[in-house]
Amino acid sequence: MLRPGFLTTTAVTLSRGRASQAALYGFPRASLLASSTQNPRLLSSAANSLTKLQAQLDDPTLIASAGFIDNEFITASTSGKHFAVYDPANGTEIARFPDMGIEETEKAIQAAKQAFPSWSKTTAKERSTILRNWYNLILENEQDLAKIITWENGKPLADALGEVRYGASFFEWFSEEAKRLYGEVIPSPNRQQRMVAIRQPLGVVGIITPWNFPNAMITRKLGAALAVGCTVVAKPASETPLSAVALYELGKRAGVPKGVIGLVTTHHNTKAIGKLLCESQDISGISFTGSTNVGKLLLKQSADTVKKVSLELGGNAAFIVFEDADLDKAVDAAVLAKFRSSGQTCICVNRFYVHSSIKDVFGERLREKVEKFRVGSGMDANTTHGPLINKASVEKVRLHVHDALDHGAKLLIGGKESENAHGYFYPPTVLSDMTNNMRIATEETFGPVAGIFSFDTEEEVLELANNTRFGLAGYFFSKDVSRCWRVAENLQVGMVGVNTGAISSEVAPFGGVKESGIGREGARQGLDEYTQYKYINMAI
Ligand code: NAP
Numbered sequence: 001m002l003r004p005g006f007l008t009t010t011a012v013t014l015s016r017g018r019a020s021q022a023a024l025y026g027f028p029r030a031s032l033l034a035s036s037t038q039n040p041r042l043l044s045s046a047a048n049s050l051t052k053l054q055a056q057l058d059d060p061t062l063i064a065s066a067g068f069i070d071n072e073f074i075t076a077s078t079s080g081k082h083f084a085v086y087d088p089a090n091g092t093e094i095a096r097f098p099d100m101g102i103e104e105t106e107k108a109i110q111a112a113k114q115a116f117p118s119w120s121k122t123t124a125k126e127r128s129t130i131l132r133n134w135y136n137l138i139l140e141n142e143q144d145l146a147k148i149i150t151w152e153n154g155k156p157l158a159d160a161l162g163e164v165r166y167g168a169s170f171f172e173w174f175s176e177e178a179k180r181l182y183g184e185v186i187p188s189p190n191r192q193q194r195m196v197a198i199r200q201p202l203g204v205v206g207i208i209t210p211w212n213f214p215n216a217m218i219t220r221k222l223g224a225a226l227a228v229g230c231t232v233v234a235k236p237a238s239e240t241p242l243s244a245v246a247l248y249e250l251g252k253r254a255g256v257p258k259g260v261i262g263l264v265t266t267h268h269n270t271k272a273i274g275k276l277l278c279e280s281q282d283i284s285g286i287s288f289t290g291s292t293n294v295g296k297l298l299l300k301q302s303a304d305t306v307k308k309v310s311l312e313l314g315g316n317a318a319f320i321v322f323e324d325a326d327l328d329k330a331v332d333a334a335v336l337a338k339f340r341s342s343g344q345t346c347i348c349v350n351r352f353y354v355h356s357s358i359k360d361v362f363g364e365r366l367r368e369k370v371e372k373f374r375v376g377s378g379m380d381a382n383t384t385h386g387p388l389i390n391k392a393s394v395e396k397v398r399l400h401v402h403d404a405l406d407h408g409a410k411l412l413i414g415g416k417e418s419e420n421a422h423g424y425f426y427p428p429t430v431l432s433d434m435t436n437n438m439r440i441a442t443e444e445t446f447g448p449v450a451g452i453f454s455f456d457t458e459e460e461v462l463e464l465a466n467n468t469r470f471g472l473a474g475y476f477f478s479k480d481v482s483r484c485w486r487v488a489e490n491l492q493v494g495m496v497g498v499n500t501g502a503i504s505s506e507v508a509p510f511g512g513v514k515e516s517g518i519g520r521e522g523a524r525q526g527l528d529e530y531t532q533y534k535y536i537n538m539a540i
């Protein structure tokens, strides 16, 4: 069954010709759309592309071009403007979303504010049940949700399915943690008073998420916020709003009450909406995942209303291979920690530091693995690595590779783009002989490029690894137990993988230090971002 109104009123698209021009020149999406919003020919073409996607789902009603305000899916913005969502594997438009603004955001805030008193007074068990329902619905619809991720983000279907399950795990985890939001009984220093500290929800929180995990970055925040009794206004990345709407549809079915979760979709008005969320006196907390620059801006904007701000920002992870490492395990982990999602995760390795005695063999082994990758559309079952998210990402990767080569790096594989490629692809690349004057040494590449530096001593490599303003994740390989503790304790990061490249889990606190962020997500600590203590002193 199609939900009425989803396709008929707002779907507008560019012709294939315009879309491929977009891919070619990397025009800002917004500027391309402004001139085409009223063209009825293009309207039906967008409806067609969305209908084609729906036809490939078991439940077509999971796809919609809409925001969600006060329990209603809203398919048109008050300004009448829209923005396009593209398939990064071929640059074609797959959907067109209402470009919402201040008016819609204010409505969503007011709906969440009205919903807060009753939602915050539900019992933990009631909230837990709704989150558990939502978790079950996600798993029941996991194949559809994975396809939606692949269409808008590009990652291979198997990875997308992994993300759906990872995303669902936060609802499962927080449905359980909701019941354990314990306060404290404080031993009183005098006999006439009793002291307790209880934990209460912040209120309405604003959530802003990135495109690289269009499903899991939303559930990681929503799960914790809803578990403690907060209500939410979320803004998904403009590249990947489809996954967010699909989740909201399931949330509605799971029984999330009216007003508790809002979703505003925008591209043109991102800055204004971000500012409103930060400055509104009706919003008590901000949770953001994305780039460090935007995180800093949101932190500044939130100062005047003294909001609690939680930031999951950029990384520049080091991956250290000591001379005593198990090389097979290190290479396998390097493949995972560097090339997952084509290098577009915040905990992806940005700098490989390999002991000089094994640098060449490590480089060769990594090259052999990369040679076996199959790059292509994420919908193709043979694809191991998909496209990057957009033209700008490809350009940044190209810049980093050229910069390294210009400064003397050695190309082991990749580095050459196919002239006939459609979509936003960059070949997985391995560089050796990296030096500290190259961009990759200090800037997050966020793409499929492994740059190998070499080192000789533990002290030297720790200094190199810590010589960055970022501090999200770090990895190292060694069989020396004493060294494992020493290095793990001395890496200036929020998360360390010792002899592993896979560290993410809903049960573990995810987050960074330095300019990689404030606060933690997932785990028991994830609840802290959405609660505050209230101390009660009772005289007897
Ligand atoms: P981004 O440009 O900061 O965008 C992230 C989100 O912020 C999007 O929803 C974006 O909206 C929004 N945004 C952009 N400018 C804004 C503004 N002025 N005010 C309010 N919101 C604004 O980051 P990205 O390029 O999408 O994501 C990549 C970055 O995220 C990388 O640095 C990566 O390391 C980091 N990341 C960190 C984590 C973590 O857990 N630490 C996880 C994933 C990613 P629009 O889409 O509308 O522009």
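full-length UniProt numbering numbers the first residue of the sequence shown as 1 and each following residue consecutively.
Just so it is clear, CB atoms sit at the ideal spot from N, CA and C, and this is done for glycine as well.
None of the values given here were measured: they were computed from a predicted structure.
Ala55 is positioned such that its CB atom lies no closer than 8 Å to that of Tyr530.
As the crow flies, the alpha-carbon of His268 is around 36 Å from that of Asn382. The beta carbons of Arg483 and Phe322 sit about 7 Å from each other, so the pair counts as a contact at 8 Å. Where Glu104 is concerned, the enclosing alpha helix (DSSP H) starts and stops at 102–120. For the 8 Å CB-CB criterion, Ala473 and Ile440 do not form a contact. Residue range 495–498 is occupied by the beta strand (DSSP E) that includes Met495. No residue range can be given for Val375, since it is assigned to no alpha helix (DSSP H) and is classified by DSSP as neither H nor E. Collapsing the DSSP output to three states places Phe455 in a strand. Each residue's CA atom was taken as its position, placing Thr265 and Pro201 some 25 Å apart. Residue pairing by DSSP places Arg199 opposite Tyr533 in a beta bridge. The criterion of a C-beta distance shorter than 8 Å is satisfied by Ile102 and Leu276. Residue pairing by DSSP places Gln193 opposite Ala539 in a beta bridge. At least one heavy atom of the ligand NAP is found less than 7 Å from the C-beta of Ser238.
If you draw a straight line from the Cα of Gln525 to the Cα of Leu57, it comes to about 36 Å. If the five residues before and after Tyr135 are omitted, its C-beta is found closer than 7 Å to the C-beta atoms of Ala168, Phe171, Glu172, Ser175, all from its own chain and listed in chain order.
In the three-state scheme derived from DSSP, where H, G and I count as helix and E and B as strand, Asp59 is classed as coil. For the region 404–471, the full-length beta strand (DSSP E) segments reaching 3 residues or more read 410–413, 429–432, 449–455 along the chain.
Only residues of its own chain outside the window of five on either side were considered, and among them Ile130, Asn133 have a CB closer than 7 Å to the CB of Gly255, listed in chain order. Residue pairing from DSSP places Glu521 in a beta bridge opposite Phe510. In the structure shown, Ser287 falls within a strand segment according to DSSP collapsed to helix, strand and coil. Nearest neighbour of Gly376 by Cα position, chosen from Ala523, Leu491, Lys125, Pro156, turns out to be Pro156. Exclusion of the five residues before and after Ala111 leaves Ile69, Asp70, Gly259, Gly262 as the residues of its chain whose Cβ lies within less than 7 Å of its Cβ. For Gly167, the enclosing alpha helix (DSSP H) begins and ends at 157–177. Between Gly378 and Ala160, the C-beta gap is smaller than 8 Å, which places the two residues in contact.
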